[in-house]
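Per UniProt numbering, the sequence shown starts with residue 1, numbered consecutively.
For reference, the structure is listed below as structure tokens.
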Amino acid sequence: MSRDVEHLKDEGSRGQVVAAGAIAGLISRFVIAPLDVCKIRLQLQSHSLSDPLSHRGITGPIYKGTIGTFKHILREEGITGLWKGNIPAELLYVAYGAVQFTVYHQTSALLSILPPPYQPPDATGSFISGAVAGTVATTLTYPLDLLRTRFAAQGTEKVYESLRSSIRHITKDEGYQGFFRGVSAAVVQVVPYMGLFFSSYETLKIPLAGLELPFSSGDATAGILASIFSKTTVFPLDTVRKRLQVQGPMRSRYVHRNIPEYRGVASTIRMILKREGVRGLYRGLPVSLIKAAPASAVTMWTYERAMSIMLKLNDEDAD
């Protein structure tokens, strides 16, 4: 069996897994940054007929659709507006990718050495490993996720001048707990998301590899399909997380002036349903799914290629 069709849990040392995960996160983030900014802007857009002015005298939604959001940001903020929050996001993706793949690798290895009566089937083992990896990575890197969202939510007015000033402001005005607003929604979301993603990916990876798709794209295709399925399932919790992340004393200074005050996951869901209906929980889903394809494809393809190169170099050194 070639390395291309082996399971992730069987590949590489701990250091190689960390390096491959970090490289995959770094490259993936840069590629999908503009789509991520568009998604966050749409998710934060609260709209009902009773809403006050939301932005520069506009009553109602600022953004209308993915393409409209993209054009609006370009027109109002320039091309750099599409990469707002990219510095904390790059740090987030590198750290998250490294932690995620490391924990996944280690958890899978631990599950594989359990005695037969307790050893889960491959699909179940992938789900458990993915859920554990996602939970640990999300919790450890959450402050960077919050900073990414807050910078992406800034319009032409700068709420925070720099990454350092944002950390200083949040620490002073909100305390250390301010860096973890919405973390419960993130953890509740990531367990089924990562579990579904990795179990779907591992299930699809081998049969797709057997199809001999061009440019070794079986890994990328498996990543796309797994991400679309898992992301759609848990998307409402992602919206809740974004709404909670921009709470605090600066709430009225973001590009959306009318972001309501939310407290807790359950109450946020109830408030969104009451004000905006079910549709409010799925704002930004189309662009999120558009983003999921290149993000997961680039992440998994880069991870597999980086790991393959490192393993090949190891083999050459061994010779």
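Beta carbons are placed, not taken as given, at the ideal position from N, Cα and C, and that holds for glycine.
Here the C-alpha atom of Leu82 lies approximately 10 Å from the C-alpha atom of Lys71. Per the coordinates, the alpha-carbon of Thr107 lies some 18 Å from the alpha-carbon of Ala19. By the CB criterion at 8 Å, Leu244 and Gly182 fall inside the cutoff. DSSP assignment within the UniProt repeat "Solcar" (12-110) yields the following whole alpha helix (DSSP H) runs of 4 residues or more, N-terminal first: 14-43 and 65-77. Ranked by Cα distance from Thr69, the first of Arg168, Asp36 and Thr171 is Asp36.
For the UniProt repeat "Solcar" (214-309), the continuous alpha helix (DSSP H) assignments of 4+ residues that do not extend past its boundaries occur at 218-245, 265-276 and 278-281, in sequence order. A direct Cα-to-Cα measurement between Ala137 and Gln100 gives close to 5 Å.
Tyr160 sits in coil when the DSSP states are folded into three classes, being neither helix nor strand.
Between the C-alpha atoms of Ile224 and Leu196 there is a straight-line separation of about 13 Å.
In this structure Tyr176 is not in contact with Phe235, their Cβ atoms being roughly 29 Å apart against a cut-off of 8 Å. Cβ contact annotation for Pro192 (same chain, cutoff 7 Å, sequence separation greater than five): Thr233 and Val234, in chain order. Annotation: Leu311 to Tyr303 spans about 12 Å, alpha carbon to alpha carbon. In the three-state reduction of the DSSP assignment, Tyr118 falls in the coil class, being assigned neither a helical nor a strand state.
About 6 Å separates the beta carbon of Arg148 from that of Leu92, a gap short enough to meet the 8 Å contact definition. Comparing C-alpha distances from Asn258 to each of Ala24, Gly134 and Gln45 shows the shortest one belongs to Gln45. Counting C-beta atoms within 10 angstroms of its own C-beta, Thr239 has 16 or more neighbours from the protein chains shown and is therefore classed as buried. The C-beta separation of Lys291 from Ile23 comes to about 19 Å, leaving the pair out of contact by the 8 Å criterion.
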